[in-house]
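Each residue of the sequence shown is one higher than the one before, counting from 0 in numbering that gives the first Met the number 0. The structure appears right after this line, and notes come after that.
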Amino acid sequence: MTNQNLLSSAELKEEGNKFFKAGEYVEAAKCYSDAISQCEDKNEKLVYYKNRAACYLKLDRYQEAVDDSTKALTISGSDTKALFRRVQSLEKLGQFSDAYVDARRLYKIEPKNKAVQEMCFRLRNIMEMKMFEENSTENRVNSMLKILFDKTSDKDKRQKAGDNLVVLSRDEAGAERIFREGGPAALTDLLEQRDPYVRLSAIRTLSALCNGHQARAIVLLREVGVERMCSCMGSKDATEEMSMATLHLFQSIADSLNSQDKVNLRGTENAMRADYAKDLMAILVSLKNMLADKEVSAQGRDNAVSLIAKNIPRKDLRAGNNGRTMAFLEIGGLQTLLEIASFGFKPDVAPVDITPNTRLNCAVALTKLYDDLGGDAARTVWDEKVRQYLQSLFSSGSMTGNMQAMSVLTCLLQGPFDSGQKALGMKGVLETMVAMTGAEEEIVQIAAIEAIITSTSKQNKATFVVENGATLLKELFKNTKSDGVKIRALVGLCKLGSSHGTDVSMRAFADGSSQKLAKQCRKFLANPAKDFDLRKWAAEGLSYLTLDADVKEDMCRDQEALDALFQLAKSKDKTVMYGVVSCLVNCTNTYDKNDDAVPEMIELAKYAKHHIPEEHDKDKPTYVKYRVKLLVEAGMVNALVALANTDTALLTDTSKELLCRVFLVSVENEENRGLVVAAGGGKCLVPLCTEGTQKGKRCAAQAVARIAITSNPAIAFPGQRSLECVRVLKQLLHPECDSLQNFEALMALTNLAGMDDTHRRRIIREKMLSEVESYMLEDHEYLRRSGTELFCNLCMCQEMVEIMEQESHERVKIFVLLCSEDDEATRKAAAGGLAMLTAKSEKICRKIRETSKSWLENLSIVSLDENLEIQHRGLVIVYNIVSNCKFSAEDIVASNILEILIVMSKDESPAKSKARATAIAALRKLEDDKFIQATGL
Numbered sequence: 000m001t002n003q004n005l006l007s008s009a010e011l012k013e014e015g016n017k018f019f020k021a022g023e024y025v026e027a028a029k030c031y032s033d034a035i036s037q038c039e040d041k042n043e044k045l046v047y048y049k050n051r052a053a054c055y056l057k058l059d060r061y062q063e064a065v066d067d068s069t070k071a072l073t074i075s076g077s078d079t080k081a082l083f084r085r086v087q088s089l090e091k092l093g094q095f096s097d098a099y100v101d102a103r104r105l106y107k108i109e110p111k112n113k114a115v116q117e118m119c120f121r122l123r124n125i126m127e128m129k130m131f132e133e134n135s136t137e138n139r140v141n142s143m144l145k146i147l148f149d150k151t152s153d154k155d156k157r158q159k160a161g162d163n164l165v166v167l168s169r170d171e172a173g174a175e176r177i178f179r180e181g182g183p184a185a186l187t188d189l190l191e192q193r194d195p196y197v198r199l200s201a202i203r204t205l206s207a208l209c210n211g212h213q214a215r216a217i218v219l220l221r222e223v224g225v226e227r228m229c230s231c232m233g234s235k236d237a238t239e240e241m242s243m244a245t246l247h248l249f250q251s252i253a254d255s256l257n258s259q260d261k262v263n264l265r266g267t268e269n270a271m272r273a274d275y276a277k278d279l280m281a282i283l284v285s286l287k288n289m290l291a292d293k294e295v296s297a298q299g300r301d302n303a304v305s306l307i308a309k310n311i312p313r314k315d316l317r318a319g320n321n322g323r324t325m326a327f328l329e330i331g332g333l334q335t336l337l338e339i340a341s342f343g344f345k346p347d348v349a350p351v352d353i354t355p356n357t358r359l360n361c362a363v364a365l366t367k368l369y370d371d372l373g374g375d376a377a378r379t380v381w382d383e384k385v386r387q388y389l390q391s392l393f394s395s396g397s398m399t400g401n402m403q404a405m406s407v408l409t410c411l412l413q414g415p416f417d418s419g420q421k422a423l424g425m426k427g428v429l430e431t432m433v434a435m436t437g438a439e440e441e442i443v444q445i446a447a448i449e450a451i452i453t454s455t456s457k458q459n460k461a462t463f464v465v466e467n468g469a470t471l472l473k474e475l476f477k478n479t480k481s482d483g484v485k486i487r488a489l490v491g492l493c494k495l496g497s498s499h500g501t502d503v504s505m506r507a508f509a510d511g512s513s514q515k516l517a518k519q520c521r522k523f524l525a526n527p528a529k530d531f532d533l534r535k536w537a538a539e540g541l542s543y544l545t546l547d548a549d550v551k552e553d554m555c556r557d558q559e560a561l562d563a564l565f566q567l568a569k570s571k572d573k574t575v576m577y578g579v580v581s582c583l584v585n586c587t588n589t590y591d592k593n594d595d596a597v598p599e600m601i602e603l604a605k606y607a608k609h610h611i612p613e614e615h616d617k618d619k620p621t622y623v624k625y626r627v628k629l630l631v632e633a634g635m636v637n638a639l640v641a642l643a644n645t646d647t648a649l650l651t652d653t654s655k656e657l658l659c660r661v662f663l664v665s666v667e668n669e670e671n672r673g674l675v676v677a678a679g680g681g682k683c684l685v686p687l688c689t690e691g692t693q694k695g696k697r698c699a700a701q702a703v704a705r706i707a708i709t710s711n712p713a714i715a716f717p718g719q720r721s722l723e724c725v726r727v728l729k730q731l732l733h734p735e736c737d738s739l740q741n742f743e744a745l746m747a748l749t750n751l752a753g754m755d756d757t758h759r760r761r762i763i764r765e766k767m768l769s770e771v772e773s774y775m776l777e778d779h780e781y782l783r784r785s786g787t788e789l790f791c792n793l794c795m796c797q798e799m800v801e802i803m804e805q806e807s808h809e810r811v812k813i814f815v816l817l818c819s820e821d822d823e824a825t826r827k828a829a830a831g832g833l834a835m836l837t838a839k840s841e842k843i844c845r846k847i848r849e850t851s852k853s854w855l856e857n858l859s860i861v862s863l864d865e866n867l868e869i870q871h872r873g874l875v876i877v878y879n880i881v882s883n884c885k886f887s888a889e890d891i892v893a894s895n896i897l898e899i900l901i902v903m904s905k906d907e908s909p910a911k912s913k914a915r916a917t918a919i920a921a922l923r924k925l926e927d928d929k930f931i932q933a934t935g936l
């Protein structure tokens, strides 16, 4: 039994009061909670609820403060403290209407209370402003809808009205007003308009209204209807913009129904929440039906596959169950995906419209679905369905059926590889594959070769293909007259030739073979007369060969090939993503490397005669740095931006990580950062910091940090992006990140904090001060310095001053102690921070004396510093202290600081004019307060 369990409720209250006065609000709240659970008397509970509400206010837990104040008011409806605290909490939550009602009620009870009068006045002004905005918004909404419905209006005018409606809907207040003013019905009617731009604006507005709001999302889903939305996305008359906008609408609805509202409404903490599983399933069934619908456009079908990949499998395999995935299998979703993937070898001959991206999109979706199965039983069901489908294709006895089967195998091997390997092991599959390479028809050879290429991804699982593949592919490359077959055979050889990875001692082919293969690939890639598909395959071949350092060097010096590669990246066909990104990752050496190998373990492995991989001389840092410089100057960043801005299922978390790795190495050299910013790298990196793998997000965040250190953040990250950088950089302060990431994040945050109060407040509100404080106490000199510099810049903000005044921490003491640091930059930052704090707060002037025993000694150090700027800051601190704290002034007079002031006041050298003026001002203040007397000498 704990000590608190032995205390009475009254004693717990006293204990809580002590904690509250000491600024330990969490402990105080615990005491009041224990008192509430023990107490039966209503009047006593009233006090405890009010006290706990005060703790929650201090801890910024405003909703809990509202709840406790409400509980207190149910006991005594006219309790002024409870009302006052509820008003404060509601105001902080932004619920101004409720806060104003309570404030007026409080004013009736205590009309002469000045604090209540000020509160009422402030809230009334806020409410008047909000009413004005709402009325203005209401008129704007009505005006815009009127223009959009008026078919006689000028086209430009209607387009502008549509754009304005979209912008307005992205603001929460505007979205709510549109919704209340009959928005759902009006926007649904707009979807029937002939003007495509009006319909596009309506879809975008609907998407913004649904974003993060369950209630609006479900109303709009039922008003518009899934069938109409599918029609907008999949109609053959729909533009690409329209189809993509509808995809975003579907995704906004799915995200909203899968998550809680942004706004945590009062009194709903124990309420039952609606289950939207049926609505979500209805959407997913409709999307599944779109896949096989002949009336659906190719773009719409790809978007449906993307939505299935994003919304059916779980995002976190540890959460929930795989019910949606199993339901998708039960309604024939797997067979439908395999069916549309089966024509990937030749999209033109498919019975439904598909794009060159469709098969790869299906591979992504199948991978996510397969990963979500979770157990052997579900995988057995999956494998049986795949086996049955392939068997049906092979049993048809036609060459078309065999080609479809090869395309399905290619899709499975590109996606859920284990499933593909099991299918590859079916009786007669490998023999059929090899036999098809000898067919006369080019399309048959292509289907078989693509399957062979994908099956060689894991050598230990495709022994037959690896052993027989090289000879077969060489013959095809030499003898065929078809460019399509030749390039695919070439890529197969490239893949086999790169099986040794970066280990130069294990090359699969003779020395120089990789360079010869790469030369052939570059010929295809750089030849504009060649078909786009051929150039795409050439890029994929290079993505394997560029593991060889000689090939990397040749590639980075071939400007023509680089230009062609970057042009591929900017194309609409995003199946090029893997080839282009892998090529850049290899050339910049940003793949995973075993750099942490312990030398002793390497020696032990050599002694045991284990193979030790050998690194190529041209993979050393000097070569890599020069290659990165060549790539950035050649326009690599533009290609990265084009790939990162792609909205497709092909942009997986792994692809994003690869992009982030290349971005990071691009900004490693300070000379390259200007080129990266000019190409739009800054704008592109911020979203990459929030989505993807943890490694990828941290690489992107570190790239953001490096740009923010040496560039003006307002230019590199225009608009609100510089504010978004704050949250992005916070992740680099995590203890798991290495010291360089910590240091660069602190430096970048220091630059952001130097911009304006808006950025300083954002840093404070992101609650990272504790992490920064821990770095101020680090042993590493650079981390300690950068943490102190960040705190110094934050001290320009009034909110930071108020935080430093709190008794619950010793940050002022840390600043004082850092004034005696050996590192000059750290002393300078600590002295600057204290100078600003003491100028703004009498409490901090007193706190310096109360919290640090060595404060006089440390102030002496900075006041006598050789650096004139630090010296001036030290004297400013002394002046501020003697101006605001008499007890501290008395101690200063009794110490050697008085002698320092006298000496400084007599130093008339021009360089020390500021220090002299400050010292004289401090002495005059001491004289005015009768601590010293002028001698007249």
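We put the beta carbon where it would ideally sit given N, CA and C, even for glycine.
Taking 7 Å as the cut-off, the Cβ atoms of LEU82 and ASP101 count as close.
Residue state for LYS29 is assigned as helix, using DSSP reduced to three classes. Across the structure, ALA281 and VAL115 are spaced so that their CA atoms are roughly 53 Å apart. Around the beta carbon of ALA528, a 10 Å sphere encloses fewer than 16 other beta carbons of the protein chains shown; the residue is thus reported as exposed. ILE896 carries a helical assignment under DSSP once its states are collapsed to helix, strand and coil. Comparing alpha-carbon positions, the option among ALA253, TYR878, SER206, ASP278 lying closest to THR245 turns out to be SER206.
When DSSP states are grouped into helix, strand and coil, ARG103 belongs to the helix group. Inter-residue distance for ASP40 and LYS80 is about 19 Å (C-alpha atoms, whole angstroms). Residue environment for GLU656: buried (at least 16 other C-beta atoms within 10 angstroms of its C-beta). Per DSSP, GLY173 is one residue of the alpha helix (DSSP H) stretching across 171-179.
Shown here, CYS884 sits in coil according to DSSP, grouped into three states, outside any helix or strand. Exclusion of the five residues before and after ILE307 leaves LEU286, ALA364 as the residues of its chain whose Cβ lies within less than 6 Å of its Cβ. Contact check for GLY161 against LEU167 fails: the beta carbons are separated by 7 Å or more.
By the criterion of a C-beta distance shorter than 6 Å, LEU248 is surrounded in its chain by ILE202, LEU205, SER206, once the five residues flanking it on both sides are discounted. Rounded to whole angstroms, the Cβ separation of ASP371 and PRO415 is 11 Å, and the two are not in contact under 8 Å. Separation of the CB atoms of ALA702 and PHE742 is rounded to 15 Å, and the pair is thereby denied contact status at 8 Å. When the five nearest sequence neighbours on each side are left out, the beta carbons in the same chain lying within less than 7 Å of the beta carbon of ALA560 are those of ARG521, LEU524, ALA525, MET554, in order along the chain. Annotated three-state conformation of GLN932 is coil, per DSSP. The beta carbon of ASP382 is closer than 6 Å to those of LYS421 in its chain, skipping five residues each way along the sequence. By the Cβ rule, the stretch 726-739 counts as touching the stretch 689-699, because three or more pairs are nearer than 8 Å. Taking C-beta atoms under 8 Å as the contact rule, LYS911 and LEU867 qualify, at a distance of about 6 Å. Cα atoms of LYS494 and ASP549: separation of roughly 16 Å, rounded to the nearest angstrom. Going by C-alpha positions, TYR99 is about 13 Å away from LEU92. Non-local beta-carbon contacts of VAL875 in its own chain, meaning distances under 6 Å to residues more than five positions away in sequence, involve ALA834, THR917 in chain order.
Membership of PHE249 in the alpha helix (DSSP H) is indicated by the continuous run 239-257.
DSSP, reduced to helix, strand and coil, places ARG193 outside both helices and strands of the structure shown, so it counts as coil.
Excluding sequence positions up to five before and after LEU58, its CB lies within less than 8 Å of the CB of TYR24, VAL25, ALA28, all in the same chain and listed in chain order. Taking a C-beta distance under 7 Å as the contact criterion, TYR878 and ALA829 do not qualify as a contact pair. Residue environment for GLY718: exposed (fewer than 16 other C-beta atoms within 10 angstroms of its C-beta). If you look at PHE344, you'll find it isn't in any alpha helix (DSSP H); DSSP assigns it neither H nor E. In the three-state scheme derived from DSSP, where H, G and I count as helix and E and B as strand, ASN750 is classed as helix.
Ranked by Cα distance from GLU127, the first of PHE95, ILE108, LYS107 is PHE95. GLU329 sits in a helix when the DSSP states are folded into three classes. Residue range 297-310 is occupied by the alpha helix (DSSP H) that includes ASP301.
Between the stretch 562-571 and the stretch 631-644, the count of Cβ pairs shorter than 8 Å is three or higher; the stretches touch.
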